[in-house]
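In this note's numbering, the protein residues as written are 47 to 106. Heads up, the beta-carbon is just placed ideally off N, CA and C, and yes, glycines get one too. In what follows, a structure is listed as C-alpha coordinates, so that the remarks can point back to it.
What follows is the structure, given as C-alpha coordinates:
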(Lines of atoms letter the chains of each structure in order from A and count residues from 1; the text may use other names and numbers.)
(Lines give C-alpha, C1' and ligand atoms only; values in the text may rest on other atoms or scores of the structure.)
Protein backbone atom coordinates (compact mmCIF):
# COMPACT_ATOMS: atom_id res chain seq x y z
CA UNK A 1 0.00 0.00 0.00
CA UNK A 2 1.25 3.47 -0.82
CA UNK A 3 1.43 6.12 1.87
CA UNK A 4 -0.42 9.32 1.08
CA UNK A 5 0.31 12.67 2.68
CA UNK A 6 -2.62 15.05 2.62
CA UNK A 7 -1.99 18.77 2.59
CA UNK A 8 -5.27 20.43 3.38
CA UNK A 9 -5.93 24.12 2.88
CA UNK A 10 -7.47 26.06 5.75
CA UNK A 11 -10.87 25.89 4.02
CA UNK A 12 -10.77 22.10 4.39
CA UNK A 13 -10.97 22.29 8.16
CA UNK A 14 -14.72 21.89 7.63
CA UNK A 15 -15.52 18.17 8.11
CA UNK A 16 -17.70 18.04 4.98
CA UNK A 17 -14.92 19.50 2.82
CA UNK A 18 -12.41 17.06 4.33
CA UNK A 19 -14.77 14.16 3.58
CA UNK A 20 -15.20 15.36 -0.02
CA UNK A 21 -11.42 15.54 -0.52
CA UNK A 22 -10.88 12.08 0.95
CA UNK A 23 -13.62 10.59 -1.24
CA UNK A 24 -12.03 12.18 -4.31
CA UNK A 25 -8.75 10.44 -3.44
CA UNK A 26 -9.88 7.04 -2.20
CA UNK A 27 -13.17 6.14 -3.93
CA UNK A 28 -12.68 3.70 -6.81
CA UNK A 29 -12.98 5.18 -10.28
CA UNK A 30 -13.86 3.39 -13.50
CA UNK A 31 -10.81 2.14 -15.39
CA UNK A 32 -10.13 4.27 -18.49
CA UNK A 33 -6.94 2.60 -19.76
CA UNK A 34 -6.07 -1.03 -20.43
CA UNK A 35 -4.02 -2.44 -17.57
CA UNK A 36 -2.24 -4.78 -19.99
CA UNK A 37 -1.17 -2.55 -22.90
CA UNK A 38 -1.95 0.93 -21.49
CA UNK A 39 -4.19 1.80 -24.43
CA UNK A 40 -7.24 3.99 -23.98
CA UNK A 41 -10.48 2.04 -23.55
CA UNK A 42 -13.44 2.86 -25.77
CA UNK A 43 -16.70 4.11 -24.26
CA UNK A 44 -18.05 0.55 -24.50
CA UNK A 45 -15.01 -0.84 -22.66
CA UNK A 46 -14.86 1.94 -20.04
CA UNK A 47 -14.89 0.48 -16.55
CA UNK A 48 -13.22 -2.80 -17.57
CA UNK A 49 -9.58 -3.66 -16.94
CA UNK A 50 -8.53 -4.74 -20.45
CA UNK A 51 -9.27 -3.68 -23.99
CA UNK A 52 -10.95 -6.25 -26.25
CA UNK A 53 -7.71 -7.30 -28.08
CA UNK A 54 -5.85 -7.88 -24.79
CA UNK A 55 -8.82 -9.73 -23.27
CA UNK A 56 -9.05 -11.94 -26.39
CA UNK A 57 -5.32 -12.73 -26.25
CA UNK A 58 -5.68 -13.78 -22.62
CA UNK A 59 -8.62 -16.05 -23.43
CA UNK A 60 -11.37 -13.94 -21.85
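*Backbone CA spacing between residue 78 and residue 103 [nearest angstrom]*: Locating residue 78 in the chain shown gives position 32, counting from the first residue. Locating residue 103 in the chain shown gives position 57, counting from the first residue. Going by the C-alpha atoms only, they are around 19 Å apart.
*In angstroms, rounded to a whole number, what distance separates the CA positions of residue 95 and residue 81?*
Translated into the one-based positions of the chain shown, residue 95 becomes position 49. Translated into the one-based positions of the chain shown, residue 81 becomes position 35. If I take the Cα positions, the gap works out to 6 Å.
*Can you name, in chain order, every residue of its own chain whose Cβ lies under 7 Å from the Cβ of residue 91, other than the five neighbours on each side?*
Translated into the one-based positions of the chain shown, residue 91 becomes position 45. 97 and 98.
*asked:* Using C-beta distances below 7 Å, list every residue in its chain close to residue 83, excluding the 5 sequence neighbours before and after it, in chain order.
replied: As a working mapping, residue 83 is identified with position 37 in the chain shown. The answer, listed in chain order, is 97 and 100.
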